[in-house]
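Same order as they appear, the protein sequences are chains A and B.
Residue numbering for the first sequence follows my numbering, beginning at 165 and increasing consecutively.
Residue numbering for the second sequence follows my numbering, beginning at 165 and increasing consecutively.
Working notes for the structure below.
2 protein chains.
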Amino acid sequence: MARDSSRETILDRAVQIASVQGLDGLSIGGVATAVAMSKGGICAHFPSKASLQAAVVERATEIFRGAVVEPIFSRPPGLERLRALTDAWFAYLAAETFEGGCFFTNALLELDNLEEVEARGAVAGQYGRYLDLIERLAVEAIARGELRAELNPRRFAFELLSSQLGVLVWRGLGKTEEGFALARAASNDLLVRSAV
Amino acid sequence: MARDSSRETILDRAVQIASVQGLDGLSIGGVATAVAMSKGGICAHFPSKASLQAAVVERATEIFRGAVVEPIFSRPPGLERLRALTDAWFAYLAAETFEGGCFFTNALLELDNLEEVEARGAVAGQYGRYLDLIERLAVEAIARGELRAELNPRRFAFELLSSQLGVLVWRGLGKTEEGFALARAASNDLLVRSAV
DNA sequence: TTGAAATACGAACGTCCGTTCTGTACGATC
DNA sequence: GATCGTACAGAACGGACGTTCGTATTTCAA
Chain A
165 MARDSSRETI LDRAVQIASV QGLDGLSIGG VATAVAMSKG GICAHFPSKA SLQAAVVERA
225 TEIFRGAVVE PIFSRPPGLE RLRALTDAWF AYLAAETFEG GCFFTNALLE LDNLEEVEAR
285 GAVAGQYGRY LDLIERLAVE AIARGELRAE LNPRRFAFEL LSSQLGVLVW RGLGKTEEGF
345 ALARAASNDL LVRSAV
Chain B
165 MARDSSRETI LDRAVQIASV QGLDGLSIGG VATAVAMSKG GICAHFPSKA SLQAAVVERA
225 TEIFRGAVVE PIFSRPPGLE RLRALTDAWF AYLAAETFEG GCFFTNALLE LDNLEEVEAR
285 GAVAGQYGRY LDLIERLAVE AIARGELRAE LNPRRFAFEL LSSQLGVLVW RGLGKTEEGF
345 ALARAASNDL LVRSAV
């Protein structure tokens, strides 16, 4: 099998496994079984577990950006792009892009107290960039006069993200659909009361 | 050492370890080292890892109830008791009652896709009871005319919990204090705009 | 066709896991 | 003071972990 092709196969499966079992719970043997390879074959591509974890986070970032971030830039900036982001995120979760739910939220809460896991910084970094994106979109909408000028964009980002986190908990409770409904209502309410 | 005393010592340490390493990442050997006992000594109290995990969830429930739930019933019902709950939850997190943050949110998102872990049901059950409590407090406040009659108590619970989840993410990003400030503002805003 | 490089297998290593078993202190009971 | 049961240590097990290494197979260029 060609080098890149095999590496991609491994990573795509590893990302899904990590989203379910956790980034730390990810095991080389488990990945090997899942892609029908030997452990030695996996180690030929990733010299250590830490490097596999780092590559997994990188791949998850690409997937998330492709599913949630990049599509919204085809929409006009401001409020419409902001709404596109919330829609894209709900669609991303509903489509089970990651089998375990939201890869980054799972990883962040799993690793936030484990300093010895190298991938922790990459996860936090990506999460921070996502929050900055929401904040930036809010600033744009304010500049365009679509959201109230006195709105705190950071608080706006906090509340929008919080709704998304709520869905994840409802999902964990086996009430995914109700969670979506509540989160959509909460997000919409946030946008409405933030509008001019 | 007396049976109960030793069992309590083990559980108290195991709860803290599980809140950091995860309920599944908890290991008998790790607990044994932490309490300066042998693995055999631990197994004398808990015949299997699953039973240890179950006891840990039970102990964590007691701790959470003691820190967040029970104190609020010394306050008058309705809006004041609701405010007491949000204050108690922020205090519970700020005090690092669990070293790893919120034990139950960590455990819920860790286990939500792992059906083979028996403790998963207990975690979800306790989480559900907490949400029901918030909802019930909202219903009481509505009945007393302190919150708007047309308010959806389940959505209220969703939004209040979501703010708490936001703090956990901010904590994972190393911005705990900012997270507290944002969550307090969001919670207060929710209560204000839900009031009559 | 031949040679070299890429690619993956399979075995082995030391460590840690959960679990079980035996031995041994200690404290209460009669 | 002998007896008994509790509480724990310590060793051992089979298995999974991450990692390394030697070898076989494939791939492609010369």
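Beta carbons are placed, not taken as given, at the ideal position from N, Cα and C, and that holds for glycine.
Query raised in the report: Closer than 7 Å, CB to CB, is Val-184(A) near chain B or not?
Result: yes
Query - Residues bridged to Ala-359(A) (per DSSP) - result: Leu-311(A)
Query raised in the report: Along the stretch 243 to 269 of chain A, what residues have a CB closer than 9 Å to any CB found in chain B?
Result: Close to chain B, meaning a Cβ-Cβ distance shorter than 9 Å, are the following residues of the stretch 243 to 269 of chain A: Glu-263, Gly-264, Gly-265, Cys-266, Thr-269.
Query raised in the report: For Leu-354(A) versus Ala-305(A), is the C-beta distance shorter than 7 Å?
Result: no
**Report entry** Contacts of Phe-344(A) in chain B (Cβ-Cβ under 7 Å)
**Finding:** At a C-beta separation below 7 Å, Phe-344(A) has no neighbours in chain B, since its nearest C-beta there lies roughly 11 Å away.
Query raised in the report: Does the stretch 180 to 193 of chain B come close enough to the stretch 212 to 229 of chain B that 3 or more CB-CB pairs lie under 8 Å?
Result: yes
**Report entry** Segments assigned alpha helix (DSSP H), at least 4 residues, entirely inside the stretch 211 to 256 of chain B
**Finding:** Segments of the alpha helix (DSSP H) lying fully in the stretch 211 to 256 of chain B: 213 to 228.
Requested in this report: Mind listing the chain B neighbours of Ala-350(A)? Cutoff is C-beta to C-beta under 8 Å, in chain order.
Outcome: Arg-319, Phe-322, Glu-323, Ser-326
Query raised in the report: Hey, which unbroken runs of the alpha helix (DSSP H) at 4 residues or more fall wholly within the stretch 282 to 338 of chain A?
Result: 283 to 307, 317 to 336
Query raised in the report: Where do the N-terminal and C-terminal ends of the alpha helix (DSSP H) with Gly-204(A) fall, by residue?
Result: 203 to 209
Report task. Measure the C-alpha to C-alpha separation of Met-201(A) and Arg-171(A) and round it to an integer number of angstroms. Result -> 12 Å
Report task. Verify the CB distance criterion: does Leu-273(A) have a CB-CB separation below 7 Å to chain B? Result -> yes
Report task. Using a Cβ cut-off of 7 Å, pull out every chain A residue sitting near Gly-292(B), in sequence order please. Result -> Leu-337
Query raised in the report: So what does DSSP say about Leu-346(A), is it helix, strand or coil?
Result: helix
Query raised in the report: Could you give the residue range of the alpha helix (DSSP H) that holds Ala-196(A)?
Result: 192 to 198
Requested in this report: Reducing DSSP to helix, strand and coil, say where Phe-262(A) ends up.
Outcome: coil
Query - Short CB-CB distance (under 7 Å) between Ala-283(A) and chain B - result: no
Requested in this report: Drop a sphere of 10 angstroms on the beta-carbon of Gly-292(B), count the other beta-carbons inside from all chains shown, and report buried for 16 or more, exposed for fewer.
Outcome: Looking at its Cβ environment, which holds fewer than 16 other Cβ atoms inside 10 Å, Gly-292(B) is exposed.
Query raised in the report: Near Thr-250(B), which residues of its chain fall below 6 Å by C-beta distance, leaving aside the five closest residues on each side in sequence?
Result: Correct list, in chain order: Ser-351.
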